[in-house]
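Chains as they are written, first to last, in the working numbering: chain D, 64 to 493; chain U, 22 to 267.
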């Protein structure tokens, strides 16, 4: 069944129009190919070839006990989605302060904030995957933090897929709005129970108003046989701060796009990420920080660890508009290859159209430091443990940048588990 | 304890060690001196098993066993310790974890169980005093951002924690001011026991005022050209290496 045949008009008039425009765009362009510059290192052919069944109705057998492995040790307000649909029985919104709204999208398409922002940040025709999501999104989350409101606890949006999603596609849509001087932390997790083949095509829109601060964690732990494309579009106001951490370890093929526009003076963007691959996994991060106003700062550090025959990609662009004088930008991507057959491609890019800026970038692809390995071994530590320690240390350097203590601990533990095996104590320097 | 016979070693195509023979017995301190490029550090690294060096001839027997049949970690587990001339920075691994991992690895090789972390902390704090180091450095990443002097002290701290049978100190005095030199030397002297031995590799005689050797060997161009007692070091200080180079 073609996408045109699967399409159903739904939602309020403004949304139906956006969906229609998105579908038309997708029909006109189709899936990208490697000829597209943005897809140079990653072929989406494996996604394009499958006739994914759109998952519209509630499904799945996820039980409350199944979620413990995904909650990051947080006792936080949580919206849980199973196979793309909001599941109230697994969710908990106790303890939300006034002026904070956390809602499922399916029941709130007509919400004023949704109409104001949805499809305005990630526009329907931005690219093929955003178009598909816009045309087919049936559910998702809204986090709206009112002006001058400080949200102390993180909000966790947990998108779980189980074996009933096999051969299916979900198009989760998330809207995060932090009004003026609001402070919020939002975690999006894309996780799997079982090892089904499915396709997650997520789009997240984040509005960070003047003086607002949003900490955004994005955890991609899909099944090893799943396909994941996730696009986040952020707009930042004056003196705002957007800080993100992308933790990606799942999927046969995953593509994580993160785009922000610094649209007001004094804004700050911090983008960090860690991707760890093995087997034949392919994970591609594409970031873009657009400095569109003067006196903004951006810092970006992504690290990748590739084992076996996996392939990691980082493509990061810092774009400085002519009016963005006094921009201060720094971007780094470091990769370590643990096997002869692992592969990393990195393409940091600066495009600067202002003359009074300070921007640097750098990228490395290497192996574990032989001298450091020898140093550890010369103290009696065997080769395997020495490799583990150095690999963990490489990752710890970027995990240390996570502000939220529970999330940091949980991601450190997940990283350790991957390299050391379960139950190992923390290695990192305090 | 250590018997080196006609040792040859290369790095890349270049032969650095060109036939070294040396015997070290329990309880002894040997100093190896020589000009820059003579092969002193290569000898130290070859003994520890640095992968960049290739042994092309000769034998080294350690406690009756073929040293070159052992991996670097096995040598360490059997009590060989190299204090590095350039200690390696390992951001992301705390010094405390590193010390404990090494200590436990050595225990494990002897069939002993892992030490309780709190018990280990007490032990390390006692060892810290030996090299006059701040306990704060335990929570810092291994050597990362350490000053030159701190790195050298950290080497001696590791030595104090691991209590090797044979310690090789590679230019441990370089980069140390006189106070640090005294602290480091005191530490080494306090660790001296009748059943362990030390090889001190140094360019200058200065260190040997504090760590007094039983034997001094002069290494020039990959060969030991002269051996003697501690007075040989003073002779070298007075006349330079040129006098013995022939």
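Yeah, the Cβ is synthetic: ideal placement off N, Cα and C, and Gly gets one too.
What residues from chain U crowd round residue 444 of chain D, counting only those whose CB sits closer than 7 Å? 94, 122, 123, 126
Buried or exposed: residue 260 of chain U, going by 16 or more other Cβ atoms within 10 Å of its Cβ? exposed
Mind pulling the chain U residues with CB within less than 8 Å of residue 434 of chain D? 109
Can you tell me which of D/163, D/140, D/412, D/374 puts its alpha carbon nearest to the alpha carbon of residue 353 of chain D? D/412
Give every residue of the same chain whose Cβ lies closer than 6 Å to the Cβ of residue 233 of chain D, excluding the five residues on either side of it in the sequence, and list them in chain order. 118, 147, 263
Apart from the five residues just before and just after residue 43 of chain U, which ones in its own chain have a Cβ nearer than 6 Å to its Cβ? 25
Within the chosen definition, does the segment 321-337 of chain D reach the segment 288-301 of chain D through at least 3 CB pairs nearer than 8 Å? yes
Segments assigned alpha helix (DSSP H), at least 4 residues, entirely inside the segment 365-443 of chain D: 433-440
So, using beta-carbon positions, are residue 145 of chain U and residue 133 of chain U closer together than 8 Å? no
Hey, does residue 141 of chain U have any beta-carbon neighbour from chain D nearer than 8 Å? no
Whole angstroms is fine: what's the gap from residue 340 of chain D's alpha carbon to residue 177 of chain U's? 38 Å
Quick one: complete alpha helix (DSSP H) runs, 4+ long, within the segment 85-169 of chain U? 93-98, 116-130, 138-151
Against chain U: residues of the segment 364-386 of chain D by CB proximity under 9 Å: none
So with Cβ pairs under 8 Å, would you call residue 460 of chain D a contact of chain U? yes
Can you tell me whether residue 491 of chain D is helix, strand or coil according to DSSP? Note that residue 491 of chain D scores 47 on pLDDT, short of 50, meaning its location in the model is unreliable; the coordinates nonetheless yield the value given after this. Three-state DSSP puts residue 491 of chain D in coil, outside helix and strand.
Selected residue, minimal CA-CA separation from residue 106 of chain D, among D/415, D/325, D/292, D/431: D/292
Close-in-space but distant-in-sequence residues of the same chain around residue 157 of chain D (CB under 8 Å, 5 per side omitted): 140
Apart from the five residues just before and just after residue 435 of chain D, which ones in its own chain have a Cβ nearer than 7 Å to its Cβ? 453
Answer yes or no: does any C-beta atom of chain U fall closer than 8 Å to that of residue 452 of chain D? yes
Answer with yes or no whether the minimum CB distance from residue 254 of chain U to chain D is below 8 Å. no
Excluding sequence positions up to five away, which residues of its chain have a Cβ less than 6 Å from the Cβ of residue 465 of chain D? 308, 471
Between the alpha carbons of residue 488 of chain D and residue 168 of chain D, how many angstroms are there, rounded? Bear in mind that the predicted position of residue 488 of chain D carries a pLDDT of just 47, short of 50, making it unreliable; the figure below should be weighed with that in mind. Cα to Cα, residue 488 of chain D sits roughly 40 Å from residue 168 of chain D.
According to the neighbour-count rule (16 or more other Cβ atoms, all chains shown, within 10 Å of its Cβ), is residue 57 of chain U buried or exposed? exposed
Interface residues of chain D facing residue 105 of chain U [CB-CB closer than 9 Å]: 438, 441
Continuous alpha helix (DSSP H) stretch holding residue 88 of chain D: start and end: 76-92
Output yes if chain U places a C-beta closer than 8 Å to the C-beta of residue 394 of chain D; else output no. no
Which residues, taken in chain order from the segment 183-196 of chain U, show a beta carbon closer than 8 Å to some beta carbon of chain D? 183
Helix, strand or coil: how does DSSP classify residue 268 of chain D here? strand
Selection of the segment 146-173 of chain D by Cβ proximity to chain U, strictly under 8 Å: none
What is the C-beta distance between residue 89 of chain D and residue 198 of chain D, in whole angstroms, given that I count them as a contact (C-beta under 8 Å)? 6 Å
With distances taken from CA atoms, which of D/240, D/313, D/372 is nearest residue 348 of chain D? D/313
Once you ignore the five residues that flank residue 243 of chain D on each side, which residues in its own chain have a CB closer than 6 Å to its CB? 210, 272, 273, 274
When we look at the beta-carbon of residue 161 of chain D and count the other beta-carbons within 10 Å, is it buried (16 or more) or exposed? exposed
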